[in-house]
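Enquirer: The numbering used here puts the last residue of the sequence shown at 1416; the count rises by one with no breaks.
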Amino acid sequence: MANDLLIYGMKGSPFVRKVQVLLAEKGVPYDFEMASPFPAPDWFAEISPAKRIPVLRDRSIGTEGAAGTLPDSSVICAYLERKHPEPAMYPRDHFDHARALWFEEYADSELAMRIGLGLFRPMVMARMFGKEPDVETARKTVREQLPPLFDYLETSIAGRSCFVGDALGIADIAIATQFVNFQHAGARIDVARWPALAAWVDRMLARKSFADCIAAERKFIPQSDAEL
Ligand SMILES: N[C@@H](CCC(=O)N[C@@H](CS)C(=O)NCC(=O)O)C(=O)O
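1. Counting only runs that start and end within the stretch 1246-1291, where is the beta strand (DSSP E) found for 3 or more residues in a row?
2. Alpha carbon to alpha carbon, what distance is there between PRO1217 and ARG1270?
3. Apart from the five residues on each side of it in sequence, which residues of its chain come closer than 8 Å, Cβ to Cβ, to GLY1200?
4. Is the stretch 1378-1394 touching the stretch 1189-1207 in the sense that three or more CB pairs, one from each, lie closer than 8 Å?
5. Listed in chain order, which residues are found with a beta carbon closer than 5 Å to a heavy atom of ligand 1?
6. Going by DSSP, name the residue or residues bridged to TYR1196.
7. With a Cβ-Cβ cutoff of 8 Å, do LEU1268 and LYS1214 count as a contact?
8. Only counting the same chain, and skipping five residues up and downstream in sequence, which positions put a Cβ closer than 7 Å to that of ARG1315?
9. Quick check on the burial criterion: 16 or more other C-beta atoms within 10 angstroms. Buried or exposed for GLY1318?
10. Leaving out five residues before and five after ASP1192 in sequence, what residues of the same chain have Cβ atoms less than 7 Å from its Cβ?
11. Going by DSSP, what residue range makes up the alpha helix (DSSP H) through TRP1388?
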């Protein structure tokens, strides 16, 4: 029998993975339907006006057309937290809650832009679409664009187990999913320069919720041996 929840998207997308990991951490089963935004077919534009993945369908709300669908990973995760409150992935404390949303936003915008456009697209998507990888762009991203962001993340995670509070939450999931794409592109964190961040990424990506996604993605994502 079909699950209530259905994710439309492509494996390898950090935003799709963010939703998958949140569901796995909550122990909620879901179905997955492949939907590519490159380019988005007409039926997909109806449920995703911005033509982006992921989109969630809650079949208990609607099974046809746009009924029961929600686009955008942040909206989806916030909905899932209300629908399946345990274990909580958003802090109860008001200020911590807002801090968690800040880290989610920072990951989805600042980190995603640099890792997605500057690293994953030139190294991984290029090859998936039959093109030569653009190693120079990727190198520039790793050496010039990302270090200030890593400095901020290092300061924020040093001496802590999680970005906000002491339990895994949306801030950790949103940041860590971007590092999966960083690694898929063949990049590695300089442990000497960002030791706390590197250790936290290793811990996060070893969690079953992330490891299962990564194992599935490695089957079709071309691995890179370029020196970045
Ligand atoms: N803010 C959106 C971003 C989603 C997003 O950018 N997804 C990418 C795939 S990783 C996409 O659909 N890109 C298609 C495009 O930009 O045309 C979210 O959190 O879901």
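Even for Gly, the Cβ is constructed at its ideal location relative to N, Cα and C.
Expert: Reading it off the structure:
1. 1257-1259, all fully within the stretch 1246-1291.
2. The straight-line gap from Cα to Cα measures roughly 16 Å.
3. Taken in chain order, the residues that qualify are VAL1312, ASN1369, HIS1372, GLU1405, PHE1408 and ILE1409.
4. In the pairwise beta carbon analysis, the stretch 1189-1207 is classified as not touching the stretch 1378-1394: fewer than three pairs are separated by under 8 Å.
5. Near ligand 1, meaning a Cβ closer than 5 Å to any of its heavy atoms, lie the following residues in chain order: SER1201, PHE1203, PRO1225, ARG1240, ILE1241, ASP1260 and SER1261.
6. GLU1221 and VAL1243, per the DSSP bridge assignment.
7. Closer than 8 Å, so yes.
8. If we look at ARG1315 and ignore the five residues flanking it on each side, its Cβ neighbours are PRO1321 and PRO1410.
9. Answer is exposed; the Cβ neighbour count stays below 16.
10. The residues are ASP1246, ARG1247 and SER1248.
11. That run of the alpha helix (DSSP H) goes 1383-1394.
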